[in-house]
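Engineer:
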Amino acid sequence: MGNSYTEEELRQIYESHLQTIEDTEIGIQRLGLYALFNHTKYNVFIDALLSCFNQRIQEIPMQLAYIHLVNEILNKESPENVTLFLPLIERMMIKAAETKDENHIRRSKRVLAVLMDRKILDSKFVERVYRLMDSHEAAGIDEDTAVVDQFYNLVNNLIKAKQNFFKINADKDAPESLKIEAAKKEKEIRNEITDFYTVQINSQYKRIEFLDKTIDDEMEDNDKLLEGGSSDDLFD
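UniProt numbering numbers the first residue of the sequence shown as 1 and each following residue consecutively.
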């Protein structure tokens, strides 16, 4: 890629390629070569890869496909570039563990084990990720993390809708119906985000009300306990 592209344009190009992923040897090798060719823009590439991973996070086969792609890249990369992928690997493995799918978790851990055996990943890093995976597998999907993931996907969808809207409106030959549809799509996603905020705010208020009631009940019980006995009873 040349300098004629902005980072946002590059991210969109990378995403369009990454969304075609197939969990086959040829499919993974094809995207792996594409990644290596664009290694000077790994910061943007990793962001695009994480975005695609988050969009398909509910699909176990797609999770594994992106994990296999990272494995393919790291097997051919220099140590300094491997380091760039460590936060992404950690997140991918945690999400794999949260599925509680034993076969998926086993295959994901196998990727880590192979990378460690080949001295591509440090053993301390792999052992720490194993511990994180075990704790997340036991706990399941964290509610707050799930909310953040959902919000991230909504914002990502809105960005794409806005970009599509501006692109279509800049095209003088674009039919009016296409412009209306693009505007409608952007508005729908904005409404989704508004609904998301409303649900989360109401949910937090309910949690606060529940905590307030719990605290008030406990204080009332303590007051009754104090009223019902003498000061000597407190030291019996």
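The beta carbon of each residue, even a glycine, is placed where N, CA and C say it ideally should be.
Treat the numbers as computed from the prediction; the structure is a model and nothing was measured.
Of the residues G27, I60, I21 and S123, which one's Cα is nearest the Cα of A48?
Structural biologist: With distances taken between Cα atoms, A48 lies closest to I21.
Engineer: M1 to E209, Cα distance in whole Å?
Structural biologist: Since pLDDT at M1 reaches only 44, below the 50 mark, its modelled position is unreliable, and the value read off the structure follows with that caveat. When rounded, the distance between both Cα atoms is 54 angstroms.
Engineer: For the structure I just gave you, are there three or more beta carbon pairs, one from the region 164-175 and one from the region 124-133, closer than 8 angstroms?
Structural biologist: No, the region 164-175 does not touch the region 124-133.
Engineer: Determine, using beta carbons only, whether I105 and A97 come nearer to each other than 7 angstroms.
Structural biologist: Yes, Cβ-Cβ distance for I105 and A97 is below 7 angstroms.
Engineer: Look up S123 in the DSSP assignment and say whether it is helix, strand or coil.
Structural biologist: Residue state, collapsed to three classes: helix.
Engineer: Check M174 in the structure and name its three-state DSSP category.
Structural biologist: A quick correction: the sequence has Ala, not Met, at residue 174. Here A174 sits in coil by DSSP.
Engineer: For the UniProt domain "CID" (6-137), list the alpha helix (DSSP H) runs that are entirely contained and at least 4 residues long, ordered along the chain.
Structural biologist: You should have 7-18, 25-37, 42-55, 60-74, 79-84, 86-98 and 102-117.
Engineer: Here's a check: name, in chain order, each residue in its chain whose Cβ is nearer than 7 angstroms to the Cβ of I60, leaving out the five neighbours to either side.
Structural biologist: Excluding sequence neighbours, I60 sits near T99, D101 and H104.
Engineer: Pull up the distance between the alpha-carbon of K213 and that of E220, whole angstroms please.
Structural biologist: Answer to the nearest angstrom: the Cα atoms are 10 angstroms apart.
Engineer: Going along the chain, which residues of its own chain have a beta-carbon closer than 8 angstroms to the beta-carbon of E137, five neighbours each way excluded?
Structural biologist: Contacts found: A97, E98, K100 and I105.
Engineer: Rounded to whole angstroms, what is the Cα-Cα separation between E218 and V82?
Structural biologist: Approximately 53 angstroms, taken between the alpha carbons.
Engineer: If you draw a straight line from the alpha carbon of L88 to that of Q63, how long is it in whole angstroms?
Structural biologist: Cα-Cα distance, rounded: 12 angstroms.
Engineer: Using 10 angstroms around the beta-carbon of N71, count the other beta-carbons present and answer buried if the total reaches 16, otherwise exposed.
Structural biologist: Answer is buried; the Cβ neighbour count reaches 16.
Engineer: Quick check: the Cα distance between T9 and K162, rounded to an integer number of angstroms?
Structural biologist: First, the residue type needs correcting, since residue 9 is Glu and not Thr in the sequence shown. If you take the alpha carbons of E9 and K162, they lie about 13 angstroms apart.
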